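Please read the structure below before turning to the comments.
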Amino acid sequence: MDDAAGDAAAARDNPYLADSLFARNARPTTHTPTTSVLDNDKGNGHNALTGKPLSDGYFAILETRRKLPVHEARAELLSHLAAHQVLVLVGETGSGKTTQVPQFLVDAGYNAVACTQPRRVAALSVAKRVAVEMDVPLGGPVGYSIRFDDRSTPETVLKYLTDGMLLREAMSDPDLRHYAAIILDEAHERTLSTDVLMGLLKDVLRRRPDLKLIVMSATLDAGKFQDYFAGAPLMQVPGRVFPVGIKYTPRPVDNYVDAAVEQVVRIVAAEPPGDVLVFLTGEEEIEEACKRIRDDVRALPPPACTYAVDVLPLYSSLPPAKQQRVFERAPPPRTPGGVPGRKVICSTNVAETSLTIDGVVYVVDTGFSKQKVYNPRARVESLLVSPISRASAKQRAGRAGRTRPGTCYRLYTESAFASELKEATYPEILRSNLGNVVLQLKKLGVVDLVHFDFMDPPAPETLMRALELLNYLGALSDDGELTKLGEHMAELPLPPELSAALLASVDLGVSGALLTISAMLSATANIFLRPKADRVRADSARRAFEHPDGDHLTLLRTFTAYTSVGVDGGDVNKWCWENYLNSRALQSASSVRSQLARLVARLRPGTRAGADDAALPAVELDDRVRRALLSGFFMQVAHREGGKAVGYLTVKDHQKVALHPGCGLSRSPDWVMYNEFVLTKRNFIRTVTEVRGAWLVEIAPHYYDLSNFPEGTAKEDLKVLYKRKERKDARDAAEQRERREKRAHKDKGKGKKKHGSSSRS
DNA sequence: GAGCACTGC
Numbered sequence: 009m010d011d012a013a014g015d016a017a018a019a020r021d022n023p024y025l026a027d028s029l030f031a032r033n034a035r036p037t038t039h040t041p042t043t044s045v046l047d048n049d050k051g052n053g054h055n056a057l058t059g060k061p062l063s064d065g066y067f068a069i070l071e072t073r074r075k076l077p078v079h080e081a082r083a084e085l086l087s088h089l090a091a092h093q094v095l096v097l098v099g100e101t102g103s104g105k106t107t108q109v110p111q112f113l114v115d116a117g118y119n120a121v122a123c124t125q126p127r128r129v130a131a132l133s134v135a136k137r138v139a140v141e142m143d144v145p146l147g148g149p150v151g152y153s154i155r156f157d158d159r160s161t162p163e164t165v166l167k168y169l170t171d172g173m174l175l176r177e178a179m180s181d182p183d184l185r186h187y188a189a190i191i192l193d194e195a196h197e198r199t200l201s202t203d204v205l206m207g208l209l210k211d212v213l214r215r216r217p218d219l220k221l222i223v224m225s226a227t228l229d230a231g232k233f234q235d236y237f238a239g240a241p242l243m244q245v246p247g248r249v250f251p252v253g254i255k256y257t258p259r260p261v262d263n264y265v266d267a268a269v270e271q272v273v274r275i276v277a278a279e280p281p282g283d284v285l286v287f288l289t290g291e292e293e294i295e296e297a298c299k300r301i302r303d304d305v306r307a308l309p310p311p312a313c314t315y316a317v318d319v320l321p322l323y324s325s326l327p328p329a330k331q332q333r334v335f336e337r338a339p340p341p342r343t344p345g346g347v348p349g350r351k352v353i354c355s356t357n358v359a360e361t362s363l364t365i366d367g368v369v370y371v372v373d374t375g376f377s378k379q380k381v382y383n384p385r386a387r388v389e390s391l392l393v394s395p396i397s398r399a400s401a402k403q404r405a406g407r408a409g410r411t412r413p414g415t416c417y418r419l420y421t422e423s424a425f426a427s428e429l430k431e432a433t434y435p436e437i438l439r440s441n442l443g444n445v446v447l448q449l450k451k452l453g454v455v456d457l458v459h460f461d462f463m464d465p466p467a468p469e470t471l472m473r474a475l476e477l478l479n480y481l482g483a484l485s486d487d488g489e490l491t492k493l494g495e496h497m498a499e500l501p502l503p504p505e506l507s508a509a510l511l512a513s514v515d516l517g518v519s520g521a522l523l524t525i526s527a528m529l530s531a532t533a534n535i536f537l538r539p540k541a542d543r544v545r546a547d548s549a550r551r552a553f554e555h556p557d558g559d560h561l562t563l564l565r566t567f568t569a570y571t572s573v574g575v576d577g578g579d580v581n582k583w584c585w586e587n588y589l590n591s592r593a594l595q596s597a598s599s600v601r602s603q604l605a606r607l608v609a610r611l612r613p614g615t616r617a618g619a620d621d622a623a624l625p626a627v628e629l630d631d632r633v634r635r636a637l638l639s640g641f642f643m644q645v646a647h648r649e650g651g652k653a654v655g656y657l658t659v660k661d662h663q664k665v666a667l668h669p670g671c672g673l674s675r676s677p678d679w680v681m682y683n684e685f686v687l688t689k690r691n692f693i694r695t696v697t698e699v700r701g702a703w704l705v706e707i708a709p710h711y712y713d714l715s716n717f718p719e720g721t722a723k724e725d726l727k728v729l730y731k732r733k734e735r736k737d738a739r740d741a742a743e744q745r746e747r748r749e750k751r752a753h754k755d756k757g758k759g760k761k762k763h764g765s766s767s768r769s
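Just so you know, we're using this note's numbering here: the first sequence kicks off at 9 and counts up by one.
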């Protein structure tokens, strides 16, 4: 089928296209958009933004731009925007909305436009493309802004940026006065940042009648956005995709991995040429499926067993070079003129939104993915294999129709699709720990969080948990007001516990070490590699970095060793490889560390932040680092429970946990703090470091308050620790009194000084 | 004696 047929199919599915691009709530308007080079072939032949003559390439690209479906909607879009503050635009894949709509606005005279993207690569690559389309240098009139990379200048009129970045900007510019128009793209993905931005913008729009907002989404769920921004007109533009036939299984399958492998083998054996994309849930499952598909294809009866098939895994932790393989051409036929080869790609959800693979004609959809869930009662986020939503199923199917008509095999029944799958995936804000979100909102000046206008309000318990956490950390006062500490914490791109620990480390003179540990904990990928074939050597390589007191200190040692290799002029990548370390992860830790160091230096001027711990003796350093960490993680502490089999109970919650097998502690101390609670078949705590009981009652007496502490051995130990502390405090006070008296005696002899020691009663 | 879906600041 050709392009036109695909468009026709898309048009049939489009309820608005038949009569008008105008949708519900569309109002007549007298506004006439200004004419522009988009209407006239040459305009005055000069670029309005740079004053330079337009290149020939510009006009060539202009021709293709005019053919994009969204171009038809331009005049209506602009007139809507002249009459309304908010517009909801639905445009499916291939409509051109992401590249064209921002240009329509610039062209119509909006001189400061922001367009958000959920992902960095998207912001960057779209900005590059649009700079070419507009015939301007990147970083000039068109720029982008993403973490670690800001390519925008005062002359930038159109900026693509991540949603998280716009949220950051809002912290210093709460009314977003910098912008005349804001476009929230991919709003249907409902990322945490986009959801917070929508709530925020609702208020900003009231304060700034001149500001325009376009919410762009890919699904017909757009009615929800329209309701949220009451009265906003809704427009829809068709996509440019090919039809995809849907096939369901007649009966539910027992095991979706088995079923997926069988389906792929059937396609390879009997269907016309074309690549296959299989959606599975995780790395382990994918590697297993790949192996079985290879084996089963080889076991097919001739001639199918001779077909050229490349079976490739795809998930984000895969090294980039291996990821790249999915974009290479399918293998050639085994014999000249024989059956064309094909790629079979077994992928996680990366292939649903983040990566687009052209040439896929068959999609095998297992109907599952790993999703984050948050349990506020247990205060634990975990990943669960869960059924996908209908929106997600449609997105997956669409991946089969990017270059020609395709087929999607859904490994579930049609009635399951209709009645068991949810319409849309729960937005992230309903599935997350909101500690950071609450901190950000407070920083943005939102006083009443319970009544903040979230599109989907989180459970009150989740908000309570977040408020409680921030109060314990000292970021919020008992009245719920942001403290000075809280303001500083909000500036740091870290979980609140880690921000608190990092800021505490400045006062303890060990911020250099805490910057490193924070950066290492921010690296999502595992630092220590452990290839299956090479486990023994990988483990012994790791042991060289291990610190007996715990994993946090091991991370510190590892990073320190890593940076010294570079300083000594060694080959860092080679060194990482030899030591079974993930050089990509270490590199990203290094960028995070630099960013954090800049921020801390700005927040705490006059301190030697980042360079304060070099001269400390090792034992003193280790103690102070652990005390700094504990200032943020005193709520993530477990106590050893005696008996034969050593186990741990988390404080207060009394959850039974075990040290994660990857943990490097050489003994089983009474008290440990942990970075992460992992919920799988058993409860594990991961990244664990020994702490002294005495530190708990010293650093966090407000949390280790025995009047509301559950009974148990931890409480008994704490009682002893408090008694000891009392005695020590009494001793210290007596000593101090003695010293004071001696000094007073001396001073009397010498005569009085101007600034005597202030006596407190 | 286990395991990292995917983003983002």
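Even glycine gets a Cβ: it sits at the ideal position worked out from N, Cα and C. The model shown is predicted, which means the values in this text are computed figures rather than measured ones.
Given this structure, state the Cα-to-Cα distance separating residue i from residue j, to the nearest angstrom.
i, j, result
"Asn441", "Ala386", "11 angstroms"
"Arg198", "Arg82", "26 angstroms"
"Ala297", "Thr470", "37 angstroms"
"Tyr118", "Ser599", "35 angstroms"
"Asp464", "Asp229", "14 angstroms"
"Ala240", "Val252", "32 angstroms"
"Pro110", "Gly367", "29 angstroms"
"Tyr656", "His647", "5 angstroms"
"Pro149", "Thr202", "25 angstroms"
Quick one: what's got a C-beta closer than 8 angstroms to residue i's C-beta in the same chain, skipping five residues either side?
i, result
"Lys750", "none"
"Pro340", "Ala316, Pro348 and Gly349"
"Pro217", "Gln93"
"Leu564", "Ala521, Thr524, Ile525, Met528, His555 and Val633"
Going by other Cβ atoms of all chains shown within 10 Å of its Cβ, with 16 needed for buried, is residue i buried or exposed?
i, result
"Asp171", "buried"
"Ser225", "buried"
"Gln271", "buried"
"Gln332", "exposed"
"Ala498", "buried"
"His88", "buried"
"Gly53", "exposed"
"Phe156", "exposed"
To which residues of the same chain is residue i closer than 6 angstroms at the C-beta, ignoring the five residues directly before and after it?
i, result
"Val261", "Ala267 and Leu419"
"Arg635", "Trp703"
"Ala474", "Leu442, Gly443 and Val446"
"Ala597", "Ala527, Met528 and Ala531"
"Asp143", "Asn55, Leu62, Ser63 and Tyr66"
"Glu724", "none"
Considering only residues of the same chain and omitting the five flanking positions on each side of residue i, which have a CB-CB separation below 7 angstroms?
i, result
"Phe233", "Val96, Ala195, Val223 and Ser225"
"Gly151", "Ala135, Arg159, Ser160, Thr161, Thr164 and Lys167"
Taking the alpha-carbon of residue i as reference, which of the options has the nearest alpha-carbon?
i, options, result
"Pro504", "Gln448, Phe553 and Met472", "Gln448"
"Leu132", "Cys584, Lys380, Val347 and Ser160", "Ser160"
"Asp115", "Ile707, Val138 and His186", "Val138"
"Met206", "Ile396, Ile191, Pro217 and Arg216", "Ile191"
"Ser390", "Arg410, Glu436, Arg404 and Tyr370", "Glu436"
"Phe641", "Arg612, His560 and Pro280", "His560"
"Asn534", "Arg73, Tyr588, Pro677 and Arg601", "Tyr588"
"His662", "Pro310, Val645, Leu522 and Asp235", "Val645"
"Leu326", "Leu729, Thr411 and Thr356", "Thr356"
"Glu609", "Ser513, Ala708 and Arg690", "The sequence shown places Ala at residue 609, not Glu. When only C-alpha atoms are compared, the closest one is Ser513."
"Val265", "Phe250, Gly247 and Arg300", "Arg300"
"Gln125", "Phe112, Leu209, Thr106 and Glu141", "Thr106"
Who does residue i pair with in a DSSP beta bridge?
i, result
"Asp579", "For Asp579, which the question treats as bridged, DSSP gives no partner whatsoever."
"Trp679", "His647 and Val699"
"Leu350", "A small correction: the amino acid at residue 350 is Arg; Leu does not occupy that position in the sequence shown. In DSSP, Arg350 forms a bridge with Val317."
"Leu667", "Ile693"
"Gly716", "Here residue 716 turns out to be Asn, not Gly, going by the sequence shown. Its beta-bridge partners do not exist; DSSP assigns none."
"Asn383", "Val388"
"Met142", "Per DSSP, none; premise fails for Met142."
"Glu684", "Arg694"
"Lys255", "Tyr417"
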